[in-house]
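Enquirer: Okay, here's the structure, questions in a sec.
There are 2 protein chains.
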Amino acid sequence: MEFKKEFTAGIIIIGNEILSGRTVDKNTSFIATWLNDRGISVEETRVIPDKEKIIIDTVRELKRKFAYIFTTGGIGPTHDDITAESISKVFGQKYQYHPEAYKILEKFYKNQDFNDGRKKMAKMPEHAKLIPNPKTFAAGFYVENVFVLPGVPSILQAMIPQLDNIIKTGKKILSSSIDTGLRESLVAEGLSRLQDKYKNIDIGSYPYFKEKPGTVLVLRTTEKELLKKCEEEVKKLVLSLS
Amino acid sequence: MEFKKEFTAGIIIIGNEILSGRTVDKNTSFIATWLNDRGISVEETRVIPDKEKIIIDTVRELKRKFAYIFTTGGIGPTHDDITAESISKVFGQKYQYHPEAYKILEKFYKNQDFNDGRKKMAKMPEHAKLIPNPKTFAAGFYVENVFVLPGVPSILQAMIPQLDNIIKTGKKILSSSIDTGLRESLVAEGLSRLQDKYKNIDIGSYPYFKEKPGTVLVLRTTEKELLKKCEEEVKKLVLSLS
Numbered sequence: 004m005e006f007k008k009e010f011t012a013g014i015i016i017i018g019n020e021i022l023s024g025r026t027v028d029k030n031t032s033f034i035a036t037w038l039n040d041r042g043i044s045v046e047e048t049r050v051i052p053d054k055e056k057i058i059i060d061t062v063r064e065l066k067r068k069f070a071y072i073f074t075t076g077g078i079g080p081t082h083d084d085i086t087a088e089s090i091s092k093v094f095g096q097k098y099q100y101h102p103e104a105y106k107i108l109e110k111f112y113k114n115q116d117f118n119d120g121r122k123k124m125a126k127m128p129e130h131a132k133l134i135p136n137p138k139t140f141a142a143g144f145y146v147e148n149v150f151v152l153p154g155v156p157s158i159l160q161a162m163i164p165q166l167d168n169i170i171k172t173g174k175k176i177l178s179s180s181i182d183t184g185l186r187e188s189l190v191a192e193g194l195s196r197l198q199d200k201y202k203n204i205d206i207g208s209y210p211y212f213k214e215k216p217g218t219v220l221v222l223r224t225t226e227k228e229l230l231k232k233c234e235e236e237v238k239k240l241v242l243s244l245s
Numbered sequence: 004m005e006f007k008k009e010f011t012a013g014i015i016i017i018g019n020e021i022l023s024g025r026t027v028d029k030n031t032s033f034i035a036t037w038l039n040d041r042g043i044s045v046e047e048t049r050v051i052p053d054k055e056k057i058i059i060d061t062v063r064e065l066k067r068k069f070a071y072i073f074t075t076g077g078i079g080p081t082h083d084d085i086t087a088e089s090i091s092k093v094f095g096q097k098y099q100y101h102p103e104a105y106k107i108l109e110k111f112y113k114n115q116d117f118n119d120g121r122k123k124m125a126k127m128p129e130h131a132k133l134i135p136n137p138k139t140f141a142a143g144f145y146v147e148n149v150f151v152l153p154g155v156p157s158i159l160q161a162m163i164p165q166l167d168n169i170i171k172t173g174k175k176i177l178s179s180s181i182d183t184g185l186r187e188s189l190v191a192e193g194l195s196r197l198q199d200k201y202k203n204i205d206i207g208s209y210p211y212f213k214e215k216p217g218t219v220l221v222l223r224t225t226e227k228e229l230l231k232k233c234e235e236e237v238k239k240l241v242l243s244l245s
């Protein structure tokens, strides 16, 4: 299954904590599921360290390849939060306080010290548009097709739905999972024939090894009727092998 | 903290199931933790689909950039398992049965049908060296600096320890976590001063938002004494702010 470029996305996870093994990346899974429902296919994820040159080069490369880029991580108040400044450089825009983002934070911190670290979270590329943060108030932002989000999953998950009217949507990507209860090597041959027949369906095969080994088959497509037909044929195949 | 190229690694996760959001990638975390103990730093992870050209291009690019490349996924018996054939093309080697890998599988399937799907798992680049699989017997392999492993985490985890004498080791990467109990925006300024002072330590700052927001600081370095000194200064900073 191939997607037109206008319905593709790339994800850039910015964070040493993923590369060091300390943290498992859950943002790709959340973003991809949300995008799939809107007919957008994630074609690549990159996990990169908090280094300016690498961030700039990666964003430059991927924003040409895909219709939408999502970055996560590096927009907090500390020294290792360099994403917003790096994105400013990608677009050749000044890195400065966003008036609205600044006001939101000023209000939120009204009874506390509105220190430099806190102010920093309002600094963005000059022409950035805000992505409101209903949870902790420090906004994300986007410039052209690059959407800049925080790394903390619960905050990211509260912010993503706000992009609903900004991202152009395609045909929802439908999927169907079938647990065959059979070893992958038994279904392989029949499955290969089905994949040849159904070019517009991605048939994935995922073995598992519990008490008894088995395989989950996942069919993905934007075509509802085709999915139903293929699903029936897969079930027939499984029955014939069981 | 910068690592010499000889102590760097890249990870390539081959699998539509991660990009579709269905599965969360746990292999990066396991491989990175194992490598860190051996003084190897993971500098980048890429998640890519099961498409030959993309696999070939990505492996070619990263194997020049880093000392070690680990791929996961796509070495099973089904139509979407194209990693081994793609790696053969990367190195311009024939894609053929590996005699030893074939024998192991033949023995394992002796009372069952040793069908084409099962045989396929013994196909590798001509000069591949085996990575034994104590769990399900279908071996992984490596060619030069590219290590090809399965995607199922439990099998990958059983295979990785077998690379112990093959991967050159550096100085173990040590780390220390300190839960400050403070909002990230409060520690930001002091932390920035400490990072300037301790150039050979990576200081990461990871906010969390439970009942009360707080921040975990993670110090990473190969220098034991330096880590201790920095740790003490961080603790002093936290006390002064609490």
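Residue numbers (this note's numbering), protein chains in the order written: chain A, 4 to 245; chain B, 4 to 245.
Even glycine gets a Cβ: it sits at the ideal position worked out from N, Cα and C.
Keep in mind that this is a model prediction, so the values were computed, not measured.
#1: With a cut-off of 7 Å, does the C-beta of A/Ala-87 fall near any C-beta of chain B?
#2: Apart from the five residues just before and just after A/Val-190, which ones in its own chain have a Cβ nearer than 8 Å to its Cβ?
#3: Identify the continuous beta strand (DSSP E) that holds B/Pro-216 and give its terminal residues.
#4: Please compile the residues from chain A whose C-beta is within a distance smaller than 7 Å of the C-beta of B/Asp-205.
#5: For a quick check, are the C-beta atoms of A/Lys-66 and A/Val-155 less than 7 Å apart?
#6: Taking all protein chains shown into account, decide if B/Glu-129 is buried (16 or more other Cβ within 10 angstroms of its Cβ) or exposed.
#7: For the segment 34 to 46 of chain B, list every residue whose C-beta sits within 7 Å of some C-beta in chain A, in sequence order.
#8: Output the boundary residues of the beta strand (DSSP E) element that contains B/Gln-99.
#9: Which of helix, strand or coil does DSSP assign to A/Ser-91?
#10: Would you say A/Arg-121 and B/Ser-188 are within 7 Å of each other, going by their C-beta atoms?
#11: Pick out whichever of B/Lys-123, B/Lys-54, B/Trp-37, B/Pro-153 has its Cα sitting closest to the Cα of B/Ile-134.
#12: Secondary structure at A/Val-146, three-state DSSP: helix, strand or coil?
#13: Thinking just about the alpha-carbon of each residue, which of B/Tyr-100, B/Thr-36, B/Met-124 is nearest to the one in B/Asp-83?
#14: Whole beta strand (DSSP E) runs in the segment 24 to 62 of chain B with 3 or more residues, listed along the chain?
#15: So B/Ile-59 and B/Val-93 are in contact, right, with Cβ under 8 Å, and what is the actual spacing, rounded?
#16: Inspect the beta-carbon positions of A/Val-151 and A/Thr-26 and report whether they are closer than 7 Å.
#17: Among residues of its own chain, excluding the 5 on either side of B/Gln-160, which ones have a beta-carbon nearer than 8 Å to its beta-carbon?
#18: Indicate whether at least one CB of chain B lies closer than 7 Å to the CB of A/His-130.
#19: Under the three-state reduction of DSSP, which class applies to A/Gly-173: helix, strand or coil?
#20: Quick one: is A/Ser-245 near chain B, going by C-beta distance under 7 Å?
#21: Alpha helix (DSSP H) containing A/Gly-76: first to last residue?
#22: Going by DSSP, what residues sit across from A/Phe-212 in a beta bridge?
#23: Relative to the C-alpha of A/Val-237, which candidate in A/Gln-115, A/Glu-147, A/Phe-212, A/Glu-192 has its C-alpha closest?
#24: Are the C-beta atoms of A/Glu-236 and some chain B residue less than 7 Å apart?
#25: Tell me which same chain residues have a C-beta within less than 7 Å of the C-beta of A/Asp-40, skipping the five on either side of it?
#26: Where do the ends of the alpha helix (DSSP H) carrying A/Pro-156 lie?
#27: Going by C-alpha to C-alpha distance, which of B/Lys-7, B/Ser-44, B/Thr-11, B/Ile-16 sits closest to B/Ser-178?
#28: Output the distance between the C-alpha atoms of B/Ile-72 and B/Gly-173, rounded to the nearest integer angstrom.
#29: Applying a beta-carbon distance threshold of less than 9 Å, which residues of chain E neighbour A/Gln-198?
#30: Using a C-beta to C-beta distance shorter than 7 Å, which residues of chain A count as neighbours of B/Asp-210?
#31: Is the CB of B/Ile-59 under 7 Å away from at least one CB in chain A?
#32: How about A/Asp-28 and A/Ile-17: do their beta carbons lie closer than 7 Å?
#33: Strictly under 7 Å for the Cβ-Cβ distance: is A/Glu-187 near chain B by that measure?
#34: Sort A/Thr-139, A/Leu-194, A/Glu-147 by Cα distance to B/Lys-213 and report the nearest one.
#35: State the start and end residues of the unbroken alpha helix (DSSP H) segment that holds A/Gly-193.
#36: Under 6 Å Cβ to Cβ from A/Met-127, same chain only, skipping five residues before and after it: list those, please.
Expert: To lay it out plainly:
#1: To locate residue 87 of chain A, count along the first sequence from 1; it is residue 84. Chain B, which has no Cβ nearer than 7 Å to the Cβ of A/Ala-87, makes this no.
#2: To locate residue 190 of chain A, count along the first sequence from 1; it is residue 187. Thr-183, Ser-208, Thr-218, Leu-220, Leu-240, Val-241, Leu-244.
#3: Stepping through the second sequence from its first residue, residue 216 of chain B is reached at position 213. Note, B/Pro-216: beta strand (DSSP E), 216 to 224.
#4: Position 202 of the second sequence holds residue 205 of chain B. Correct list: Asn-19.
#5: Taking the first sequence and counting its residues from 1, the one referred to as residue 66 of chain A is at position 63. Taking the first sequence and counting its residues from 1, the one referred to as residue 155 of chain A is at position 152. No, Cβ-Cβ distance for A/Lys-66 and A/Val-155 is not below 7 Å.
#6: Sequence index remark: in the second sequence, residue 129 of chain B carries index 126 (1-based). Exposed, since its Cβ has fewer than 16 Cβ neighbours within 10 Å.
#7: Of all residues in the segment 34 to 46 of chain B, Ala-35, Thr-36, Asn-39, Val-45, Glu-46 have a Cβ within less than 7 Å of some Cβ in chain A.
#8: Taking the second sequence and counting its residues from 1, the one referred to as residue 99 of chain B is at position 96. Per DSSP, B/Gln-99 belongs to the beta strand (DSSP E) from 98 to 100.
#9: The count along the first sequence starts at 1 and reaches residue 91 of chain A at position 88. A/Ser-91 falls in the helix class under three-state DSSP.
#10: Start at 1 with the first residue of the first sequence, and residue 121 of chain A comes out as number 118. Start at 1 with the first residue of the second sequence, and residue 188 of chain B comes out as number 185. Taking 7 Å as the Cβ cut-off, A/Arg-121 and B/Ser-188 qualify as a contacting pair.
#11: The residue labelled residue 134 of chain B in the question sits at position 131 within the second sequence. When each option's Cα is compared against that of B/Ile-134, the closest is B/Pro-153.
#12: Along the first sequence, one-based indexing puts residue 146 of chain A at 143. In the structure shown, A/Val-146 sits in a strand (DSSP, three-state: E or B).
#13: The residue labelled residue 83 of chain B in the question sits at position 80 within the second sequence. Cα-wise, what sits closest to B/Asp-83 is B/Met-124.
#14: Counting whole runs of 3 or more residues, the segment 24 to 62 of chain B contains the beta strand (DSSP E) stretches 44 to 51.
#15: For the purposes of this step, residue 59 of chain B is identified with residue 56 of the second sequence, where counting begins at 1. For the purposes of this step, residue 93 of chain B is identified with residue 90 of the second sequence, where counting begins at 1. 5 Å between Cβ atoms; contact.
#16: If you number the first sequence from 1, residue 151 of chain A lands on position 148. If you number the first sequence from 1, residue 26 of chain A lands on position 23. No. Outside cutoff.
#17: In the second sequence, counting from the first residue as 1, residue 160 of chain B sits at position 157. If we look at B/Gln-160 and ignore the five residues flanking it on each side, its Cβ neighbours are Phe-33.
#18: Within the first sequence, numbered from 1, the residue matching residue 130 of chain A stands at position 127. Answer no: the Cβ-Cβ gap between A/His-130 and chain B never drops below 7 Å.
#19: The residue given as residue 173 of chain A occupies position 170 in the first sequence. It is coil, neither helix nor strand.
#20: As a position in the first sequence, residue 245 of chain A is number 242, starting the count at 1. Nearest CB-CB separation between A/Ser-245 and chain B: not below the 7 Å threshold.
#21: Here residue 76 of chain A refers to the residue found at position 73 when the first sequence is read from its first residue. Looking at the DSSP string, A/Gly-76 is not in any alpha helix (DSSP H), and its letter there is neither H nor E.
#22: What you label residue 212 of chain A is simply residue 209 of the first sequence in a count that begins at 1. According to DSSP, A/Phe-212 bridges with A/Pro-216.
#23: If you number the first sequence from 1, residue 237 of chain A lands on position 234. By alpha-carbon distance to A/Val-237, the top candidate from A/Gln-115, A/Glu-147, A/Phe-212, A/Glu-192 is A/Glu-192.
#24: Taking the first residue of the first sequence as 1, we reach residue 236 of chain A at position 233. Taking Cβ atoms only, chain B never reaches closer than 7 Å to A/Glu-236, which makes this a no.
#25: For this step, residue 40 of chain A is matched to residue 37 along the first sequence. Closer than 7 Å at Cβ, skipping near neighbours: Lys-175.
#26: The sequence position of residue 156 of chain A within the first sequence is 153, counting from 1. For A/Pro-156, the enclosing alpha helix (DSSP H) begins and ends at 156 to 162.
#27: Translated into positions along the second sequence, residue 178 of chain B becomes position 175. Of B/Lys-7, B/Ser-44, B/Thr-11, B/Ile-16, the residue nearest in Cα terms is B/Ser-44.
#28: Here residue 72 of chain B corresponds to residue number 69 of the second sequence, with the count starting at 1. Here residue 173 of chain B corresponds to residue number 170 of the second sequence, with the count starting at 1. So the alpha carbons of these two residues sit roughly 16 Å apart.
#29: Checking the listed chains, one finds no chain E in this structure; the protein chains it contains are A and B.
#30: Within the second sequence, numbered from 1, the residue matching residue 210 of chain B stands at position 207. Inspection of the sequence shows that residue 210 of chain B is occupied by Pro rather than by Asp. Within chain A, the residues near B/Pro-210 are Gly-79, Val-155.
#31: By one-based count along the second sequence, residue 59 of chain B stands at place 56. No, its Cβ sits nowhere closer than 7 Å to a Cβ of chain A.
#32: As a position in the first sequence, residue 28 of chain A is number 25, starting the count at 1. As a position in the first sequence, residue 17 of chain A is number 14, starting the count at 1. By the CB criterion at 7 Å, A/Asp-28 and A/Ile-17 fall outside the cutoff.
#33: Numbered from 1 along the first sequence, position 184 holds the residue referred to as residue 187 of chain A. Cβ-Cβ to chain B under 7 Å: yes for A/Glu-187.
#34: The residue labelled residue 213 of chain B in the question sits at position 210 within the second sequence. Its Cα nearest to that of B/Lys-213, the residue A/Thr-139 stands out among A/Thr-139, A/Leu-194, A/Glu-147.
#35: For the purposes of this step, residue 193 of chain A is identified with residue 190 of the first sequence, where counting begins at 1. Note, A/Gly-193: alpha helix (DSSP H), 187 to 200.
#36: Taking the first residue of the first sequence as position 1, residue 127 of chain A is located at position 124. For A/Met-127, where only same-chain residues beyond five positions count, the Cβ hits under 6 Å are Ala-87, His-101, Phe-144.
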